Structure formats: C-alpha cells, structure tokens
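A short worksheet on the structure shown next.
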C-alpha cells in the first residue's frame, strides 16, 4: 500500500514538472515571438526613417545641381528657395499618394485625460509597460493619418528653432556689410521696430474685420487676439530672393542696406513680438482685455529683447577677448571650433534664460563680425565665413523644401480661400502703411532721402519665408492656428515665386541701378 502511494506521488510530481516545463517552454516561445515582432517593427521603422532621410538628401542634391545650372546660364527668374519649394511640393505629392503601407496605430477611446502629456506610460494586460511620446494632436479622428513615411515627414517644430534657424540668423548678422548697415541704422531700426508693430496691428485689425464680416467662414475661437498673433508671425519678412538679385546686379548700396537691415532686424522683432502677444493671449484667456496684462506684455517685449541683445553682444565680446588674448590662432582648427561653439552657445544660453535665442544669436553675429573677425587668423576667417555660409545654405534649402513637403504631408490644413485671400489683402495693407508713412517721416531728417522708387521696391520686397513658417508651425493644435499655417504656406509660395521671379523686371520698371 505504501509502495502504491509512493508511486502515485512520483507520478504526480512527474506530471507537475512536465506541465511546468511545457508552460515555461510556451512562455519562452511567446517571449521570443514578442522579441521577434519588436525587432521586425524596429527594422521597418529604421528602414522608413532612412528612406525619408534619403528623400531629403535627394531634394538637396537636386537643388544644388539646379542652382549651379542657373548660375552658369545666368538665369535669375527663380531663386533657389523657389526650386526647393517646388521640388518639395512634388515629393510631398508622391509621398502622400504613392507611399504604400499605412501607419501601424491603435486607437483607444476609453482613456480620459484633461491634457495630452508629452510622454505617456501605458500598462498592458501582460504586465508590460510602454513609453509613448506625443508627436502631435489629431482633432478629427476620421482623418486618414497616412503612411509611416508620411507621418515621419512631419517634423517637431522645435527642430526649426533649435537647429535650422540659428545658423541662418547668425550668418545674416556675421555676413552683413557693416558700413552701409550702420550708415542707415536709424531708418533700419525705425522700419524694424515701429514698422513691424504697425504691420502687426494693421494686419490683425484687417483679419479681425474678416471674422466679423464672414463669421461663418472662420472658427468661433478666432478672436482679435488670435488675429493679432497671426499679424505678429506674418510680419516677419524674408526677402532672400530679392537680396540675391540685388547682390548679383550690384544695385544701390543704400537700398540693399535698407532691405537687408530691415529684414534682419524685423525677424528678431517679430519673434519677440509674437512671444509677447502669445503671453498676453495665454494670461488673459477668456477674460477679455486687461490693461495690466497688456502693459505686462509690453514689459515682456522690452525685457526679452533687451536681455537677448545684451547677451548676444556680450558673448561676441567674450569671443573677441578669447581670440585676442590667447594664442589659439596658432591652431586654426581649434580657433574655428571655439568660434562656432561659442556662437551656438549664445543661442542656447538665451533660451535657457527664458530669453529669445534668435535675437541673441543675431547680435552675437553682428558683434563677432565687428570685433572677433579681425582677431582671427587668415585661415579661420575663411573657415568661419565658409562654414556658416554652408550651414545657412543647407538650413535654408531644407526649410523651404520642407514647406513644399508639408503642403501634402501635414494632415490638418484649413483650405479657406476667402481667409487666404483676405490674408494677402491684410499683408499688403500692413506693408503699405508701414513703409510709406515711415519713409515720409524719416525723409524729414535724412540727408540721403529714401526716394519713392526705393519705397516702392521696399514694399515689393516684403516676401515671407522661414521665420514666419517656423512660428506658424510651432503650435497647430487649434483650428485658428491651422488656418494660420495654411495661409502662411500659400503666402510664402506666392511671394517667393512671384515677387522673387519678377524682381529684375520691377527693378527695370523703376529704373533702379
């Protein structure tokens, strides 16, 4: 009897061990399957990422070859930025309508949160914990979000501000013709500060009139403050196409200085103005106009601009002292590297101090050109000029190519023809009421008068570009912001291609040499 019980116990132990082994084997197999699935997903994601980078490289290569061909032929009817947008538009169309696999995504509607966090941790039924990063806001779940490649073509807007814009703005300050810039500094600052504010107010008022005349054409959240915010971002001019033609044709140096200087300073002012208006919008949300909040925003504008200017100027002086008081010029590579790093550090320091990095890096470039440049070795002088010219070209080409791409890859455009048409009207009115009245006032005290033909050319040269687009891209969560982005894209396309393409003809018509 005891032997029988012992045998039964052994049999039970054997069965239990066998069952445990089977379960463990199944768990191991399940784990391997999951690892294999994860590895396959990672491989597909990496392949898609590489494909997108390859597309962007292809765009830039085609742009370089096209620019070279046009320079050889001496054709000036379209600038390289125009090519970038057109090529980007074509590639965006192909990505949207010819890219195959849809994005792998799961939609859950049983999660209730008040705001979308930047990072979300999800616990699944099998006790796994996943980390998900917010890549955007989908207002309409019925919209097809497109393929993985198409989703990858929508960049984080911070990339524009932290990677692409700094070298463009720095180079504008570092490469400026100082003599003619400072000879016209009074007029430049007047157009930049007073003119940009006038443009913002006129534009905002005109767009607000549209929302009242055609209330059914716009979202109910598009109030006066949103119109003013739109005015601040679209007041940033970018006449890169016109300036390139001015340079090639050697037009009047004062006209070049006025257009160039206004655009450089205008970008800085528009960014700080946008930030100030946005602060006011957030602080007074739903409470109407508040005098104290208004003056607080004015104080923010003055404080941020002054602090950014001071930081940029001081960092330029620091670089000048380091290059003057040390023998680092004996090692041109290290000298160039230090120059580059201190310049970019200026941008990051300003952002870390809650100032505006774009303004800081602009004035850093101006002070570097005025003080540091003369302390550099001959090799470093050439290296710094060529390095930042190269970065400026690539960053600018990338941004304008991305603008073309985003016409098709951005999934929340608001194609409101009436609103877009009114945007052109408001922009033109703002430009007219900026240039002509201020030129009249300036001519009362200037020895070298700003002629009417120069004023006409300045109005015509009010193109929009990288800064306006980057500001519009920064927040596209609401319908009003999406309407702004769509309108800015169309404005950039039209002004760069039409205004840029007819600049030579307008110069000839105005008899400007």
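Residue numbers (full-length UniProt numbering): 1 to 513. C-beta atoms are modelled at their ideal positions from N, C-alpha and C, and glycine is treated no differently. Quick caveat: nothing in here was measured; it's all calculated off a predicted structure.
*Can you name, in chain order, every residue of its own chain whose Cβ lies under 6 Å from the Cβ of residue 89, other than the five neighbours on each side?*
Hits under 6 Å: 404 and 407.
*Might you give, ordered along the chain, the residues of its own chain that have their beta carbon closer than 8 Å to the beta carbon of residue 252, omitting 5 neighbours on each side?*
So the list reads 454, 512 and 513, once near-sequence residues are dropped.
*List the endpoints of the continuous alpha helix (DSSP H) containing residue 359.*
From DSSP, the alpha helix (DSSP H) with residue 359 extends over 357–367.
*Quick one: what's residue 464 bridged to in DSSP?*
237
*First and last residue of the alpha helix (DSSP H) that includes residue 167?*
Annotation for residue 167: the continuous alpha helix (DSSP H) segment containing it runs 165–174.
*Would you report the Cα separation of residue 170 and residue 396, rounded to the nearest angstrom?*
Their Cα atoms are separated by approximately 13 Å.
*Range of the contiguous alpha helix (DSSP H) that encloses residue 96*: 80–98
*Assuming residue 317 and residue 360 form a contact by the criterion Cβ under 8 Å, report the distance between their Cβ atoms to the nearest whole angstrom.*
That pair is no contact at about 13 Å.
*asked:* Is it buried or exposed, residue 480, if we count other Cβ atoms within 10 angstroms and call 16 or more buried?
replied: Within a 10 Å sphere around the beta-carbon of residue 480 sit 16 or more other beta-carbons, which makes this residue buried.
*How close, in whole Å, do the beta carbons of residue 264 and residue 176 come, if the pair is a contact with beta carbons under 8 Å?*
7 Å
_Please state the DSSP three-state secondary structure of residue 216._
helix
*Would you decide whether residue 422 is buried or exposed? Buried here means 16 or more other CB atoms lie within 10 Å of its CB.*
Result: buried.
_Given this structure, state the Cα-to-Cα distance separating residue 332 from residue 388, to the nearest angstrom._
16 Å
_Please tell me whether residue 409 and residue 159 are closer than 8 Å, where the distance is taken between their beta carbons._
no
*Taking Cβ to Cβ, would you say residue 258 is nearer than 8 Å to residue 458?*
Yes, these two residues count as a Cβ contact at 8 Å.
*So what's residue 372 in DSSP terms, helix, strand or just coil?*
helix
_Can you find the residues in the same chain that come closer than 7 Å, C-beta to C-beta, to residue 463, ignoring five residues on each side of it along the sequence?_
237, 238, 239, 241, 242, 495, 496, 499 and 500
*Can you have a look at residue 299 and say buried or exposed, based on whether 16 or more other CB atoms are within 10 angstroms of its CB?*
By the 10 Å Cβ count, residue 299 comes out exposed.
*Determine the contact status of residue 415 and residue 166, defining contact as a CB-CB distance below 8 Å.*
no
*Leaving out five residues on either side along the sequence, give the residues of the same chain with a beta carbon under 6 Å from the beta carbon of residue 142.*
Here the model assigns residue 142 a pLDDT of 49, short of 50, so the residue's position is not dependable and the matter cannot be decided.
*Leaving aside the five residues before and after residue 420 along the sequence, list all residues of the same chain whose C-beta is less than 6 Å from its C-beta, in chain order.*
Same-chain partners within the cutoff: 487 and 490.
*Classify residue 58 as buried or exposed, calling it buried when 16 or more other Cβ atoms lie within 10 Å of its own Cβ.*
exposed
*What are the boundary residues of the alpha helix (DSSP H) that residue 485 is part of?*
479–494
*In terms of residues, what are the limits of the alpha helix (DSSP H) holding residue 353?*
That residue, residue 353, is in no alpha helix (DSSP H); it is neither H nor E in DSSP.
*For residue 184, collect the residues of the same chain with a Cβ closer than 7 Å to its Cβ; drop the 5 residues on either side in sequence, then sort them by chain order.*
254, 257, 258 and 261
*Helix, strand or coil: which one does DSSP assign to residue 392?*
helix
*Secondary structure at residue 197, three-state DSSP: helix, strand or coil?*
Helix.
*Over what stretch of residues does the alpha helix (DSSP H) that includes residue 262 continue unbroken?*
253–283
*asked:* Let me confirm a value: residue 368 is counted as buried when at least 16 other C-beta atoms fall within 10 Å, else exposed. Which label applies?
replied: buried
*asked:* My output table needs one value for residue 247: the three-state DSSP class, helix, strand or coil.
replied: helix
_Top-ranked residue by Cα proximity to residue 382, from 207, 174, 269 and 346_ = 174
_I'd like the list of long-range same chain contacts for residue 320, defined as Cβ closer than 8 Å, with 5 residues on each side in sequence excluded._
367, 368, 371, 372 and 375
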